[in-house]
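A quick write-up on the structure given underneath.
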Amino acid sequence: MELHFNEGNKYLTPFQSERFLSPRCLLYRQRAEIRSTLLKGVLLISARYLYKRQLSTEAINQSDSKLSKDVRDKIVDLHKAGMGYKTITKQLGEKVTTVGAIIRKWKKHKITVNLPRPGAPCKISPRGVAMTMRTVRNQPRTTREDLVNDLKAAGTIVTKKTIGNTLCREGLKSCSARKIPLLKKAHIHGRLKFANEHLNDSEDNWVKVLWSDETKMELFGINSTRRVWRRRNAAYDPMIPTVKHGGGDIMLWGCFSAKGTGQLHRIKGTMDGAMYRQILGENLLHSARALKMGRGWVFQHDNDPKHTAKEQRIGSRRSTLRSWSGLASLQTLIP
Numbered sequence: 001m002e003l004h005f006n007e008g009n010k011y012l013t014p015f016q017s018e019r020f021l022s023p024r025c026l027l028y029r030q031r032a033e034i035r036s037t038l039l040k041g042v043l044l045i046s047a048r049y050l051y052k053r054q055l056s057t058e059a060i061n062q063s064d065s066k067l068s069k070d071v072r073d074k075i076v077d078l079h080k081a082g083m084g085y086k087t088i089t090k091q092l093g094e095k096v097t098t099v100g101a102i103i104r105k106w107k108k109h110k111i112t113v114n115l116p117r118p119g120a121p122c123k124i125s126p127r128g129v130a131m132t133m134r135t136v137r138n139q140p141r142t143t144r145e146d147l148v149n150d151l152k153a154a155g156t157i158v159t160k161k162t163i164g165n166t167l168c169r170e171g172l173k174s175c176s177a178r179k180i181p182l183l184k185k186a187h188i189h190g191r192l193k194f195a196n197e198h199l200n201d202s203e204d205n206w207v208k209v210l211w212s213d214e215t216k217m218e219l220f221g222i223n224s225t226r227r228v229w230r231r232r233n234a235a236y237d238p239m240i241p242t243v244k245h246g247g248g249d250i251m252l253w254g255c256f257s258a259k260g261t262g263q264l265h266r267i268k269g270t271m272d273g274a275m276y277r278q279i280l281g282e283n284l285l286h287s288a289r290a291l292k293m294g295r296g297w298v299f300q301h302d303n304d305p306k307h308t309a310k311e312q313r314i315g316s317r318r319s320t321l322r323s324w325s326g327l328a329s330l331q332t333l334i335p
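Note that full-length UniProt numbering has the sequence shown beginning at 1, numbered continuously upward.
As structure tokens, then:
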């Protein structure tokens with residue numbers, strides 16, 4: 001680089017004084033200044049555009065949040081009628097920017113309600129959602145951890161919280177499954193027959209019925225609470241069938257009527273017809289008196305072989321006890 005000296009005996013570089021620059025250097029310098037000016041202009045225009053766009057979005061959101069849907073629809077109707085922004089502003093008493101923002105949004109989206117705010121994209125693809133819903137439909141008792149593992153095997157890594165949110169968006173929620181007895185066709189026909197026979201019974205007739213049955217209280221096993229995925233108003237779909245076996249339990253006999261509950265008796269060992277008759281002798285009449293059943297009350301028990309044994313029928317006739325015995329299991333009749 002050449003150095004040039006001025007009158008003060010101080011040296012200047014070629015870029016510090018134009019009179020010492022060559023024509024080529026001057027041309028390069030002018031081009032650089034033009035590029036810098038153009039770049040500044042582009043950046044300024046971009047900044048102004050982004051700022052106006054932000055103000056427009058804020059104005060739309062603010063206008064939508066402050067104005068009711070009726071007012072926004074009124075603004076659009078007046079605009080369709082041929083009124084300008086200022087005329088609408090004077091008539092409704094709103095700002096020009098608010099009126100303009102609502103009309104622009106209506107022209108672009110054909111709606112006046114608030115636009116959904118953009119968020120993070122869904123972690124699970126539509127195909128993954130379909131696979132998850134298919135698994136839940138086929139196996140309602142599947143867990144979120146199982147669904148996470150299924151998606152992980154397919155190449156999508158998500159958390160259990162994401163799985164729960166996805167199922168909620170699809171209209172499912174985690175609920176405790178309802179339990180019903182495991183019925184055979186004979187049980188179903190017997191229940192239907194019993195229901196048809198007593199379909200027209202009055203409320204006074206049902207008040208005179210003393211219901212009784214045995215139940216097994218299980219500490220562990222199949223009667224434990226299980227959770228399933230289901231939609232709203234579908235409490236019995238899916239269900240968990242229950243059967244009368246398991247360990248860690250006690251057997252109880254009890255009775256109740258519309259007036260309250262009767263005595264509760266614990267059954268020790270295996271109950272047969274003789275033990276059942278003894279239980280009735282110790283608890284049935286005492287419960288009926290305590291509940292003030294009155295005259296003409298009916299004793300209800302199911303068609304268990306122990307209940308319909310020969311000696312049991314003989315005992316019932318001797319005591320002039322009216323009884324119903326139409327069902328194999330009384331569980332679904334208990335309210």
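We put the CB at the ideal spot given by N, CA and C, even for glycine.
Spatial distance of residue i from residue j (CA atoms)
{"i": "ALA258", "j": "TRP211", "result": "9 Å"}
{"i": "ILE267", "j": "MET251", "result": "5 Å"}
{"i": "ALA274", "j": "ALA195", "result": "30 Å"}
{"i": "LYS107", "j": "ASN114", "result": "14 Å"}
{"i": "MET133", "j": "ARG178", "result": "21 Å"}
{"i": "VAL136", "j": "GLY155", "result": "19 Å"}
{"i": "LEU285", "j": "ILE279", "result": "10 Å"}
{"i": "ARG277", "j": "ASN200", "result": "32 Å"}
{"i": "GLU282", "j": "HIS198", "result": "29 Å"}
{"i": "VAL42", "j": "SER36", "result": "10 Å"}
{"i": "GLN30", "j": "LEU38", "result": "12 Å"}
{"i": "TYR49", "j": "LYS40", "result": "14 Å"}
{"i": "HIS189", "j": "PRO181", "result": "14 Å"}
{"i": "THR98", "j": "ALA120", "result": "29 Å"}
{"i": "ARG117", "j": "SER176", "result": "35 Å"}
{"i": "LEU78", "j": "HIS109", "result": "18 Å"}
{"i": "SER202", "j": "ARG295", "result": "17 Å"}
{"i": "ASN303", "j": "HIS187", "result": "10 Å"}
{"i": "ARG231", "j": "GLY82", "result": "49 Å"}
Selection from the options that minimises the alpha carbon distance to residue i
{"i": "ASP204", "options": "LYS306, LYS173, GLU33 and MET293", "result": "MET293"}
{"i": "VAL228", "options": "LEU285, MET217 and LEU167", "result": "LEU167"}
{"i": "THR112", "options": "THR89, GLY84 and VAL76", "result": "VAL76"}
{"i": "GLU218", "options": "ASP249, LYS193, GLY190 and GLU197", "result": "ASP249"}
{"i": "TRP253", "options": "ASP146, HIS301, THR98 and ALA81", "result": "HIS301"}
{"i": "GLY260", "options": "GLY269, SER68 and ALA290", "result": "ALA290"}
{"i": "SER287", "options": "GLN91, CYS255 and HIS109", "result": "CYS255"}
{"i": "TRP297", "options": "ASP304, GLU33, VAL209 and ILE188", "result": "VAL209"}
{"i": "ASN165", "options": "ASN303, VAL148 and LYS105", "result": "VAL148"}
{"i": "ALA153", "options": "GLY262, SER174, LYS161 and MET131", "result": "MET131"}
{"i": "PRO126", "options": "PRO23, LEU183, ARG169 and ARG231", "result": "ARG169"}
Burial state of residue i, where buried means 16 or more other Cβ atoms lie within 10 Å
{"i": "HIS265", "result": "buried"}
{"i": "GLU124", "result": "In the sequence under discussion, the amino acid at residue 124 is Ile, which differs from the Glu named in the question. By the 10 Å Cβ count, ILE124 comes out buried."}
{"i": "VAL207", "result": "exposed"}
{"i": "GLY100", "result": "buried"}
{"i": "TYR28", "result": "exposed"}
{"i": "THR270", "result": "exposed"}
{"i": "ASP213", "result": "buried"}
{"i": "LEU192", "result": "exposed"}
{"i": "PRO140", "result": "buried"}
{"i": "LYS105", "result": "buried"}
{"i": "LEU26", "result": "exposed"}
{"i": "LEU44", "result": "exposed"}
{"i": "GLY262", "result": "buried"}
Whole-number beta carbon distance between residue j and residue i, since they are thought to touch under 8 Å
{"i": "LYS95", "j": "THR89", "result": "7 Å"}
{"i": "ASP272", "j": "LYS216", "result": "Actually they do not touch by this definition, with Cβ atoms about 16 Å apart."}
{"i": "LYS80", "j": "LEU92", "result": "Contact doesn't hold; Cβ gap of about 15 Å is too wide."}
{"i": "LEU151", "j": "GLY128", "result": "6 Å"}
{"i": "ARG144", "j": "ILE157", "result": "At roughly 14 Å, the Cβ-Cβ gap does not stay under 8 Å, so ARG144 and ILE157 are not in contact."}
{"i": "GLY72", "j": "ILE34", "result": "Inspection of the sequence shows that residue 72 is occupied by Arg rather than by Gly. About 48 Å separates the two Cβ atoms, so there is no contact after all."}
Self-check item: Complete beta strand (DSSP E) runs within the stretch 193-221 (minimum length 3 residues, chain order)
Solution: The stretch 193-221 contains these whole beta strand (DSSP E) runs: 209-218.
Quiz item: What are the start and end residues of each continuous alpha helix (DSSP H) run of 4 or more residues lying completely inside the UniProt domain "Transposase Tc1-like" (133-200), in chain order?
Solution: Secondary structure within the UniProt domain "Transposase Tc1-like" (133-200): the alpha helix (DSSP H) runs of 4 or more consecutive residues, fully enclosed, are 144-153, 160-169 and 185-197 (chain order).
Quiz item: In chain order, which continuous runs of the alpha helix (DSSP H) of length 4 or greater are located wholly inside the UniProt domain "Sleeping Beauty transposase HTH" (67-112)?
Solution: If we require 4 residues or more, the alpha helix (DSSP H) runs fully inside the UniProt domain "Sleeping Beauty transposase HTH" (67-112) come out as 69-80, 85-92 and 96-109.
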